[in-house]
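K.L.:
Under the working numbering, the first residue of the sequence shown is numbered 133, with each subsequent residue one higher. All residues carry an ideal CB built from backbone N, CA and C; glycine is no exception.
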Amino acid sequence: MLNLVLFGPPGAGKGTQSEKIIDKHKLVHLSTGDLLRSEIKAGTELGLQAKTLMDQGILVPDEVVIGMIDNKLKENKEAAGFIFDGFPRTVKQAEALDNLLHSYNEQITVMVALVVDEEELAKRLLLRGATSGRPDDQNVDLIRKRIQEYNEKTTPVADYYRQQGKYVGVDGIGEIDEIFITICNAIDTTA
Ligand code: AMP
């Protein structure tokens, strides 16, 4: 099984690169952001609670996203592997993911981290907000808050995988196809 954590701040290109990786490796895409937005759209209690936090650019509680991932792993036992996009975002989530995968005798193969500076991120997110309809991409203060959440709570996750020898950093600025090739090389040398 190929189990990939695609890591990076909001706007780093995780969604774009996920699609290309999935195409090539036939992985199941697990994006906690997408799963939460589906809950909001469906008007569930979980969605309503998550929306209040997402509208402020704040992370939702670990238990909520861990529960969603747990369900998705159960639903996809026959998968060739998973791509985790926007998850784990805290060390607690990373530990929980390890435990869940171990219960299936599986583990994370590699973390690919897309590296993009803050100014470029803000530019990209505002551009995306003009067409995506995502409210959290349309306000500069909210974008800054999300990047701050990332810097404070999510960057330690990179060290978590670095300590396991599973971290690969990739320059996230440049042509989409060139970045994809670099990611493929990283996967091929570790998988
Ligand atoms: P994203 O689509 O990954 O940019 O996520 C949008 C929003 O959903 C984030 O700003 C968080 O509020 C929430 N979210 C998504 N994934 C997670 C996660 N793994 N942990 C906590 N909150 C999350």
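1. Any heavy atom of the ligand AMP closer than 7 Å to the beta-carbon of F219?
2. Going by DSSP in three states, D303 sits in which element: helix, strand or coil?
3. At a cut-off of 7 Å, would you count T148 as near the ligand AMP, judging by its Cβ distance to the nearest heavy atom?
4. So, are the CB atoms of I311 and I215 less than 8 Å apart?
5. Are the CB atoms of N317 and G213 nearer to each other than 8 Å?
6. Consider the C-beta atom of T164 and the heavy atoms of the ligand AMP; say whether any pair is separated by less than 7 Å.
7. Go through the stretch 239–295 residue by residue and report every complete run of the alpha helix (DSSP H) that reaches 4 residues or more, in order.
8. Under 8 Å: do the stretch 260–274 and the stretch 200–212 share three or more Cβ pairs, one atom per stretch?
9. Indicate whether the contact test is met: 3 or more Cβ pairs, each with one atom in the stretch 243–260 and one in the stretch 159–171, closer than 8 Å.
P.N.:
Straight from the coordinates:
1. yes
2. strand
3. no
4. no
5. no
6. yes
7. 250–264, 272–281, 287–295
8. no
9. no
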